[in-house]
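2 protein chains.
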Amino acid sequence: MTGAVDEISETLETEIVEGILPPGTRLEEPALAERFGVSRTPVREALQRLSASGLVELKRRRGTQVLNPSIGRIVEMFEVMAELEAVCARLCARRASPELLATLRDWLKRCEQAAESGDPSAYYDANRSFHLAIYKGSGNSFLAEQAELLHLRLTPFRRQQLRLPRRMRQSLTEHSAVVAAIEAGDGQAAETAQRDHILIQGERFGDFLAQFSARS
Amino acid sequence: MTGAVDEISETLETEIVEGILPPGTRLEEPALAERFGVSRTPVREALQRLSASGLVELKRRRGTQVLNPSIGRIVEMFEVMAELEAVCARLCARRASPELLATLRDWLKRCEQAAESGDPSAYYDANRSFHLAIYKGSGNSFLAEQAELLHLRLTPFRRQQLRLPRRMRQSLTEHSAVVAAIEAGDGQAAETAQRDHILIQGERFGDFLAQFSARS
DNA sequence: ACTTGCCTTTGTGTATACACAACAGAAAAT
DNA sequence: ATTTTCTGTTGTGTATACACAAAGGCAAGT
Chain P
1 MTGAVDEISE
11 TLETEIVEGI
21 LPPGTRLEEP
31 ALAERFGVSR
41 TPVREALQRL
51 SASGLVELKR
61 RRGTQVLNPS
71 IGRIVEMFEV
81 MAELEAVCAR
91 LCARRASPEL
101 LATLRDWLKR
111 CEQAAESGDP
121 SAYYDANRSF
131 HLAIYKGSGN
141 SFLAEQAELL
151 HLRLTPFRRQ
161 QLRLPRRMRQ
171 SLTEHSAVVA
181 AIEAGDGQAA
191 ETAQRDHILI
201 QGERFGDFLA
211 QFSARS
Chain Y
1 MTGAVDEISE
11 TLETEIVEGI
21 LPPGTRLEEP
31 ALAERFGVSR
41 TPVREALQRL
51 SASGLVELKR
61 RRGTQVLNPS
71 IGRIVEMFEV
81 MAELEAVCAR
91 LCARRASPEL
101 LATLRDWLKR
111 CEQAAESGDP
121 SAYYDANRSF
131 HLAIYKGSGN
141 SFLAEQAELL
151 HLRLTPFRRQ
161 QLRLPRRMRQ
171 SLTEHSAVVA
181 AIEAGDGQAA
191 ETAQRDHILI
201 QGERFGDFLA
211 QFSARS
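If you read the protein sequences in the order shown, they are chains P and Y.
Each residue of the first sequence is one higher than the one before, starting from 1 at the first, in the numbering used here.
Each residue of the second sequence is one higher than the one before, starting from 1 at the first, in the numbering used here.
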């Protein structure tokens, strides 16, 4: 057997990130134990691990629930994401190896194709790969891991907004600017372009949520 | 009772950070359970939590040990720390509220005092407070938390180097430059000064470890 | 003397059982 | 009728017990 904890935590992670378990959902150990056909022990460890990734919140004696950050908190997280991505982009520009450039251009093209066919899901995937490539392209694996982790944590709050086709095209334009700056080896430009690209997402998120009443 | 897990994880965290449990130390559950007078269950949860903070490493079926990153990995971590601190400094400069400036100047003075009396331990504490003030001063609490966490993770690898009094004085000079830039509201200068300040630590660490043979 | 296979021991992974805190609902008192 | 307290229920925190994998040592065979 390959470890029940791994399976449980990965399954829950996916469901949280995909919105199947929305923010604020209570995660009760007995229920999860029965669902996965195991005892509470591995469930508890899986929840601890998710708490580590920042996806759930463990309150003392009050159970576990899917993290439900305030709007302000989410905006803060997007700001940090923007800075991390900006650093990655700057480091990418410093290296700008032919392989890296080829990879970026490839994902950029896939983004274009998805945008043209108006497929938000395909665009979402290509967009994600594009960003991951920039993380890895920084040449700093620790930085890449941190960026990837925060990207994951923000996924539940970002998925919605790419539905709008207008946003898809604008995002594409921004990507092009980033790649152009990296190609030119202009670290400053790449940094600024990437930071703005992410910050816009944060603002969009604020606009998006402003439509709804505050959630508990 | 205030939760055994909290006490165990905090105690172990302190001991790891202070070097009482050096990198690579094996942490065996039965031994820890006996030491803290509890069963293995809370010990396991404490280890999970430490793994979350990135202080220990959990290998499947092969136990837990204090994280023992390669030199290259540590340098990468210092690079990310440098970038996070640089962002904090830039945001500090953007705000530059009188209270913040007063706080920074206060800690700077305490650093000076510690340096003059040649007390590395006092300098270490004042230095830490100075940096924490910059994190908080960014106005982004999520950023501050992330920076604090990484600061903690790097502590086991940083404590040694401030013993050298020459490094203490140089560090002080760098702090002054950062504060001056923040006072002037010059975000770019603050960012650069703080980044260099941390990067030097990373380089120093490389030099430091180069003296020894490679650790397992 | 060296290698190989078995066995013991050690330590982790999971299940089960019990203790206790927190919440909810009902009953009693004002 | 409202408030308060008591109690039952639910769910978390910890302990104990068992299952199993992995590492190390010992013995036997070459």
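Backbone N, C-alpha and C define an ideal beta-carbon position, used for all residues, glycine too.
Distance from the CA atom of P/Gln-65 to the CA atom of P/Phe-205, rounded to whole angstroms, is 22 angstroms. The beta carbons of Y/Arg-40 and Y/Ala-31 sit no closer together than 8 angstroms. In terms of Cα proximity to P/Phe-78, the closest of Y/Leu-143, Y/Ala-96, Y/Thr-173, Y/Gly-137 is Y/Leu-143. Between the beta-carbon of Y/Glu-57 and that of Y/Arg-44 there is about 15 angstroms, and that puts the pair past the 8 angstroms contact cut. At a beta-carbon threshold of 7 angstroms, none of the residues of chain Y lie near P/Asn-68; the nearest stands roughly 15 angstroms away.
Beta-bridge annotation (DSSP): P/Leu-50 is not paired with any residue.
Counting only the Cα atoms, Y/Glu-10 lies some 22 angstroms from Y/His-131. Residues of the stretch 60-91 of chain Y with a C-beta less than 7 angstroms from any C-beta of chain P: Arg-60, Arg-73, Glu-76, Met-77, Glu-79, Val-80, Glu-83, Val-87, listed in chain order. Of all C-beta pairs linking the stretch 47-54 of chain P to the stretch 112-121 of chain Y, fewer than three are shorter than 8 angstroms, placing the two stretches out of contact. Y/Gly-24 and Y/Leu-55 have their C-alpha atoms spaced approximately 11 angstroms apart. Residue environment: P/Lys-59 is assigned as exposed (fewer than 16 neighbouring CB atoms within 10 Å of its CB, all protein chains considered). CA-CA distance, Y/Gly-139 to Y/Ala-93, rounds to 11 angstroms. The way I'd put it, the stretch 72-86 of chain P does touch the stretch 193-203 of chain P; three or more beta-carbon pairs between them come closer than 8 angstroms. Distance check between Y/Pro-42 and each of Y/Val-17, Y/Asn-68, Y/Ala-4 places Y/Ala-4 closest, using alpha-carbon atoms only. Annotation for Y/Val-38: no alpha helix (DSSP H) segment contains it, and DSSP assigns it neither H nor E. For P/Leu-100, the enclosing alpha helix (DSSP H) begins and ends at 98-116.
Judged by DSSP in its simplified three-state form, Y/Gly-63 adopts strand. Judged by DSSP in its simplified three-state form, Y/Glu-57 adopts strand. Linking P/Leu-21 to P/Leu-12 through their CA atoms gives a straight-line distance of about 8 angstroms. For Y/Ala-122, the enclosing alpha helix (DSSP H) has its first and last residue at 120-137. Pairing P/Ala-122 with P/Arg-128, the inter-Cα distance amounts to about 10 angstroms.
Nearest in C-alpha terms to P/Phe-157, of all of P/Ile-182, P/Ser-97, P/Ile-71, is P/Ile-71. No Cβ-Cβ contact shorter than 8 angstroms links Y/Ala-126 with Y/Tyr-135. In the three-state DSSP reduction, P/Leu-27 falls in the strand class (E or B). Restricting attention to P/Ala-189, P/Phe-36, P/Ala-184, the CA atom closest to the CA of P/Leu-101 is found in P/Ala-184. It is roughly 17 angstroms from the alpha-carbon of Y/Pro-69 to the alpha-carbon of Y/Glu-18. Of the candidates Y/Arg-169, Y/Leu-154, Y/Thr-155, the residue whose Cα lies closest to the Cα of Y/Asp-119 is Y/Arg-169. Y/Pro-22 carries a coil assignment under DSSP once its states are collapsed to helix, strand and coil. Cβ contact annotation for P/Ala-52 (same chain, cutoff 6 angstroms, sequence separation greater than five): none.
Neighbours of P/Arg-44 across chain Y, judged by C-beta separation under 8 angstroms: Glu-45.
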